[in-house]
Structure formats: structure tokens, C-alpha cells
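Asks:
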Amino acid sequence: MSEQFTPNNPLPQEAKLPAEIASFSPAVEAEIDAHLAKYPVKRSAILPLMFIVQRERGYLDPPGVAYLADRLGVRITDIWEVATFYSMINTKPVGKYHVQICRTLSCKIMGAGKITEHCAKRLGIKPGETTEDGMFSLSEVECLGSCGTAPMMQIGFDYHENLSAEKVDEILDSCSRGEYRYSMKS
Ligand code: FES
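888 is the number of the first residue of the sequence shown in this note's numbering; add one for each residue after it.
(1) Who are the Cβ neighbours of A1007 in its own chain at under 8 angstroms, not counting the five residues just before and after it?
(2) Going by Cα to Cα distance, which pick from T991, G998, V961 is closest to E1029?
(3) Which partner residues of I988 appear in the DSSP bridge assignment?
(4) Can you tell me whether T964 is buried or exposed? The criterion is at least 16 other CB atoms within 10 Å of its CB, across all chains shown.
(5) For E1048 and V915, I'd like the C-alpha separation in whole angstroms.
(6) Quick check on the DSSP output: the alpha helix (DSSP H) that includes D920 runs from which residue to which?
(7) Go ahead and pull the three-state DSSP assignment for Y1067.
(8) Quick check on Y946: does DSSP put it in helix, strand or coil?
(9) How far does the beta strand (DSSP E) with D1045 in it reach, from first residue to last?
(10) Comparing alpha-carbon positions, which option in L1010, M937, L1031, S1033 lies nearest A1052?
(11) Considering Cα atoms alone, identify which of Y946, K983, P905, R1064 is closest to I1042.
(12) Would you report the Cα separation of M975 and A956, rounded to the nearest angstrom?
(13) Might you give, ordered along the chain, the residues of its own chain that have their beta carbon closer than 6 angstroms to the beta carbon of G960, omitting 5 neighbours on each side?
(14) So, helix, strand or coil for T1017, using DSSP?
(15) Tell me whether P927 sits in a helix, a strand or coil according to DSSP, three-state version.
(16) Excluding the 5 residues preceding and the 5 following T1003 in the sequence, name in chain order all residues of the same chain whose CB lies nearer than 8 angstroms to its CB.
(17) Buried or exposed: where does P1038 fall if 16 or more other Cβ atoms within 10 Å of its Cβ makes it buried?
(18) Quick one: residues in its chain with C-beta nearer than 6 angstroms to the C-beta of M937, no 5 flanking neighbours on either side, listed in chain order?
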């Protein structure tokens, strides 16, 4: 009979973790330990730990992923499966300001396409790209749960709603001037 794999009995770790595994300061390790202590099953802490690794390293780079797999006792593949599902987890480097525009139905009907076009023209990049100066990345993402105030976009963890081209310009201008202040910590 084949072995049953459950969250309590995960698939075995790859035989060997990659040579390079990220390391963190004692303060960050303590933060990670505190999250792990909240859950009876270590892998349940996957999202909070991913956010910490992303915050510390800018994105989930291979050494960061190897670290997560090691701390959570799961396979590298398990980490990538979760990381590639959530648009708030970056699997490649992003600019200082990551502009994520919702392209799902309500936002689409309310003009998200035009907002994306406007941002792309203004920043000189296409969705999925980062400006040469590393300031802005542009992404199109699925519903961010703010359908009643469409069209909308997210920068960091901040939502910007009922967007118009003018409103987008104001926001991007404040980023370019270094005056943009996140209201929520990312
Ligand atoms: S459709 Fe855009 S937030 Fe839901």
C-alpha cells in the first residue's frame, strides 16, 4: 500500500538541500522562532515565514527558499508551490515600488486595462518588468478583494482604489519624489 502523505506526514525533504542557504540575524531568527511556536505543525507557518524572508532578502531567492524548506521541514517544491500561488510573494527581484494592478472582472469593467496602459506608458515598462533604475515594477494580478472600489492597485500592502489616470499620476509622482509613505508595513 502506498504511504499516505498528510500535513503531519509531509513528503520527505529532498536528499540534499542546495549548497547556499540564507542566514539571518539573531533578531530575525527569534521572530521566525516565535511564528513557528504558534503552530503544532511547522509547515503551517509557511506564509508568515515567507513574508519575513521576502522582507529581509527583497524576494524569495533560492537560498531563502532553501532556508524555508529547512526550517519548515518541507520540500523545496512545497515552498515554490505556495510562493507561485500568491501574487504578494515575489519569486524574482522587484523594484522599490511594486505596482500591482487588479485585472479581474470588476476592475476590468471599470477600466483596469486603461490604468495598466497608463502606468506602462508612464513608466516605460510592460507588466512583468522593472524600470532600469530599479524604482518601479509593474504587475497585473487577480482580484485583491476590493471589487467595490474598482479599478484598484496595490503598492506594497497599500490599496489605492477608485483609480483614474490623474490619481495614478499623483501616486507615482510621490513615489518618484521619494515622498510616498506606506500606510501598512510590507
Ligand atoms: S476585481 Fe479587482 S479587486 Fe476584485
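Note that CB positions come from ideal geometry on N, CA and C, so glycine has one too. Predicted model, so just to flag it, every value in this text is computed and none were measured.
Replies: In short, the structure shows the following:
(1) Locating residue 1007 in the sequence shown gives position 120, where the first residue counts as 1. Correct list, in chain order: K1013, P1014, L1025.
(2) Indexing the sequence shown from 1 puts residue 1029 at position 142. Closest by alpha carbon: T991.
(3) Sequence index remark: in the sequence shown, residue 988 carries index 101 (1-based). Partner(s): E1027, M1040.
(4) Taking the sequence shown and counting its residues from 1, the one referred to as residue 964 is at position 77. With fewer than 16 Cβ atoms within 10 Å of its Cβ, T964 is classed as exposed.
(5) Translated into the one-based positions of the sequence shown, residue 1048 becomes position 161. Translated into the one-based positions of the sequence shown, residue 915 becomes position 28. If I take the Cα positions, the gap works out to 33 angstroms.
(6) As a working mapping, residue 920 is identified with position 33 in the sequence shown. Per DSSP, D920 belongs to the alpha helix (DSSP H) from 913-923.
(7) Taking the first residue of the sequence shown as position 1, residue 1067 is located at position 180. If DSSP states are grouped into helix, strand and coil, Y1067 belongs with coil.
(8) Here residue 946 refers to the residue found at position 59 when the sequence shown is read from its first residue. Correct three-state label for Y946: coil.
(9) The sequence position of residue 1045 within the sequence shown is 158, counting from 1. Segment 1045-1047, the beta strand (DSSP E) holding D1045.
(10) By 1-based counting over the sequence shown, the position of residue 1052 is 165. With distances taken between Cα atoms, A1052 lies closest to L1010.
(11) Walking along the sequence shown from the start, residue 1042 turns up at place 155. Here the closest residue by C-alpha is K983.
(12) Residue numbering aside, residue 975 sits at position 88 when the sequence shown is read from its first letter. Residue numbering aside, residue 956 sits at position 69 when the sequence shown is read from its first letter. The alpha-carbon atoms of M975 and A956 are separated by roughly 19 angstroms.
(13) Locating residue 960 in the sequence shown gives position 73, where the first residue counts as 1. If we look at G960 and ignore the five residues flanking it on each side, its Cβ neighbours are K929.
(14) The residue you call residue 1017 lines up with position 130 of the sequence shown. Note: T1017 maps to strand in three-state DSSP.
(15) For the purposes of this step, residue 927 is taken as the residue at position 40 of the sequence shown. Looking at P927 - three-state DSSP - the assignment turns out to be coil, as it is neither helix nor strand.
(16) The count along the sequence shown starts at 1 and reaches residue 1003 at position 116. These residues qualify, in order along the chain: I988, R990, P1014, L1025, E1027.
(17) What you label residue 1038 is simply residue 151 of the sequence shown in a count that begins at 1. Result: buried.
(18) Counting from 1 along the sequence shown, the entry for residue 937 is found at position 50. Only I976 meet the Cβ criterion.
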